[in-house]
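Residue 57 in the UniProt record's numbering sits at position 57 of the sequence shown, and the numbers go up by one each step. What follows is a single structure, written as structure tokens, with notes after it.
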Amino acid sequence: MYSSWAYSFAQMTIEIPYVFLQAVLFVIITYPAIGFYWAINKVIWNVYIMFFSMLYFTYLGMLLVALTPNVQVASILASFCYSMMALFSGFLMPGPSIPKWWVWCYWICPTAWSLQGLLTSQYGDIEKEVTIFGEQKAINAFLQSYYGYHNHHLLGVVALVISAFPLVFATGFAYAIAKVNFQRR
1 MYSSWAYSFA QMTIEIPYVF LQAVLFVIIT YPAIGFYWAI NKVIWNVYIM FFSMLYFTYL
61 GMLLVALTPN VQVASILASF CYSMMALFSG FLMPGPSIPK WWVWCYWICP TAWSLQGLLT
121 SQYGDIEKEV TIFGEQKAIN AFLQSYYGYH NHHLLGVVAL VISAFPLVFA TGFAYAIAKV
181 NFQRR
């Protein structure tokens with residue numbers, strides 16, 4: 001019949017325009033609603049980060065379905081994965097506050113990189129003073145001290161890592177489609 005690689009490549013490719021449209025519509029709606037600063041480079045960063053974040057979530061879902069025998073098991077595994085991604089994203093507990101023996105989970109967590117990219121691209125160059133936790137601090141200084149996010153000099157690394165996660169999940173999906181078989185004869 002057909003090669004499993006052709007099927008998985010077609011399945012992954014067809015998601016790209018849909019996810020891009022979702023990301024653009026999401027940014028069109030949420031960017032002004034959140035009140036981000038209007039600058040073309042910030043809007044482009046937001047679209048970039050949202051696109052790759054939505055794409056790695058889509059490919060992760062496809063990977064989990066390919067790795068499991070049925071939708072129920074995939075839903076349970078997805079629930080676990082999404083809970084871990086929320087826990088280690090750096091939002092509930094900032095990266096510098098995570099115990100050292102768990103910090104590796106933070107560094108391999110896709111949502112941690114998305115959050116870092118989003119906050120750094122939108123607020124990393126803002127030096128406006130705000131009152132946070134009872135003290136006056138610049139927004140970019142707060143991002144660095146509380147979240148451990150550096151200013152714009154690491155944004156390229158964040159962009160590279162965020163774009164690598166969909167590739168990893170897509171490759172895992174293609175491999176799982178080719179090698180994992182739950183049929184019994």
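Virtual Cβ for every residue (Gly too), placed ideally from N, Cα, C.
In terms of CA proximity to W102, F88 leads the group I76, A112 and F88. By the neighbour-count definition (other C-beta atoms within 10 Å, threshold 16), A39 is an exposed residue. In the structure shown, the three-state DSSP call for T68 is coil.
The alpha-carbon of I16 is positioned some 7 angstroms away from that of L55. DSSP, reduced to helix, strand and coil, places K100 outside both helices and strands of the structure shown, so it counts as coil. Segment contact: the stretch 61–71 against the stretch 20–31, fewer than three CB-CB distances shorter than 8 angstroms; contact not assigned. Under the criterion of beta carbons closer than 8 angstroms, F182 and P110 do not qualify as touching, at roughly 27 angstroms.
Contact annotation: Q122 and V130 have beta-carbon atoms that are not nearer than 9 angstroms.
Here the alpha carbon of F169 sits roughly 15 angstroms from the alpha carbon of F51. Counting only the Cα atoms, I108 lies some 21 angstroms from A174.
Look at the beta carbons and you see the stretch 90–98 touching the stretch 145–152: at least three pairs across the two are nearer than 8 angstroms. Excluding sequence positions up to five before and after S53, its CB lies within less than 6 angstroms of the CB of S114, all in the same chain and listed in chain order. Counting C-beta atoms within 10 angstroms of its own C-beta, S8 has 16 or more neighbours from the protein chains shown and is therefore classed as buried. Cβ neighbours of V19 within its own chain (closer than 8 angstroms, five residues either side excluded): F51, M54, L55 and T58.
Counting of Cβ neighbours within 10 angstroms places A176 among the buried residues, the total reaching 16 or more. Under the three-state reduction of DSSP, A39 is assigned to coil, being neither helix nor strand. Annotation for Q122: the continuous alpha helix (DSSP H) segment containing it runs P110 to Y123.
Of all alpha-carbon atoms in A159, L143 and T171, the one lying nearest the alpha-carbon of I44 is that of A159.
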